[in-house]
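Heads up, the thing below is written out as structure tokens.
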Amino acid sequence: MTRFMLAFLLLTSPVLAQSNEVKPGTAQPQMQTSAWLRPAIQGEERDDDTFRIEAEKPLLVYFFGVKPDSCSSCGLWLQEISRIHDIWSSRGLQVVGISKEGTADLERFLGEYAGITTFPVASDSGENTFRNWLDNSPRKDRLPTVFLVDAKGVIQWIGAPGEELDGLLEDFVKGRYHHELTPYGEKLKKSAKEARKYNDWQDAESYYMQMLRDGEGVLNQAAVEIFRLYAVDRGEVDRAYGWIEEVISEYGDDYWLMADLAREIAAGRDLPESARRLDVAERLTKMASQELSDSDPERPALEAAIAFAGGQVRDAVNLQRRAVRVAPPVLKQKYRLDLERYLSQLKDK
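Below, the structure written as structure tokens:
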């Protein structure tokens, strides 16, 4: 183990009421720990003993115990939280663990999970952080507990690790999850879907526009549905691409949205082949690639989807192989599925 002394950037939200209550919508409390520990990473060298949590990046905090009487399953969940770290850290998610055990006991416990725990863990032997976070939350005295804190330092979700957490992580990392706006958006999306079922295009469009207007960026996925409404439901391809130009002008800095639109054009379900303007998809991909790191498999996978749609199967195979190569182990199978599809087409040629 390598020990890291605390160096923490406090994130606050001046618009939130000052209160000790900790729940979704409140600013993250102060974090006061005695020491950070982290499994040694092979080949990694550090010039200091400082671990820093960065501001303006989403954060997952995992509170756990090491003794069977306090939490018999917490050790088993370490592997799941490590899996989350391995998948999402390249996309900006910071993952930390907090235990109120002393450093010696915590090091001994983590030693039992050597090679499994891949994220930084802190000793909160003074229990200050437990009091600030857990004791004032709806999950007081319940371990393990996970807090999701957005890039503005606001808590968006509190709960136990498991299926619910897995189901919302992608949206959370993309800035698409909000404790109030997400349920609001789901209601509007349901209303829009119902309107589309009865070919009531005007009402459907108004619901999606309301999502964009009220969603504060969280509900920007509605822009993709408006594109589909024009291109697929109504067959108005020129209008659909005119809409994309409006989206680029208004939301061009939302690189996840640019990536989603590019993928919709290249590989979207039900989109007529004549409506796939791959030059627009390539342009959107370049915009998204400004933020997607070289280590993110989504970047070559997106380029592969465009190449495949354009009939450049060999290029698609090579790009998808790169996506598989750089993907974390737990994500490789996801990218292999598309690789196998591209390879099958290559063999048929």
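Here the sequence shown is numbered in our numbering, starting from 192 and rising by one per residue.
A virtual CB, placed ideally from N, CA and C, is assigned to each residue, including glycine.
For clarity, every value in this text was computed on a predicted model and none was experimentally measured.
For S484, count neighbouring C-beta atoms within 10 Å of its own C-beta (all shown protein chains included) and say buried if the count is 16 or more, exposed if not. exposed
To which residues does DSSP link A414 through a beta bridge? Per DSSP, none; premise fails for A414.
Contact under 8 Å by Cβ, L372 with E396: no
Leaving aside the five residues before and after E247 along the sequence, list all residues of the same chain whose C-beta is less than 7 Å from its C-beta, in chain order. A342
Looking at C-alpha atoms only, which residue of G283, Y432, Y398 is the closest neighbour of F363? G283
DSSP state of V257 mapped onto helix, strand, coil: coil
Coil, strand or helix - P512 by DSSP: Looking at the sequence itself, residue 512 is Arg, so the reference to Pro does not match. Helix, per DSSP.
Is there contact here, the segment 507-514 with the segment 465-476, by at least three beta-carbon pairs under 8 Å? no
Exposed or buried, what is S535 when buried is set at 16 or more other beta-carbons lying within 10 Å of its beta-carbon? exposed
Between the Cα of F310 and the Cα atoms of G216, R243, Y389, which residue gives the shortest distance? R243
According to the neighbour-count rule (16 or more other Cβ atoms, all chains shown, within 10 Å of its Cβ), is D445 buried or exposed? buried
From what residue to what residue does the alpha helix (DSSP H) around Q401 run? 392-405
Go through its chain and collect everything with a Cβ distance to Q209's Cβ below 6 Å, but skip five positions before and after it. A caution first: Q209 carries a pLDDT of 47, below 50, which makes its placement in the model unreliable, though a value can still be read off. Answer for Q209: no residue qualifies.
Sheet register partners of T336 (DSSP bridge): F254
Taking DSSP as the reference, what is the three-state secondary structure of G234? Reliability fails at G234, whose pLDDT of 40 lies under 50, so the model's placement of it is uncertain and no value is given.
Would you decide whether Y399 is buried or exposed? Buried here means 16 or more other CB atoms lie within 10 Å of its CB. buried
Helix or strand or just coil, what does DSSP make of A351? coil
Report back the beta-carbon spacing between L462 and P488 to the nearest angstrom; my notes put them in contact at under 8 Å. L462 to P488, Cβ: 23 Å. No contact.
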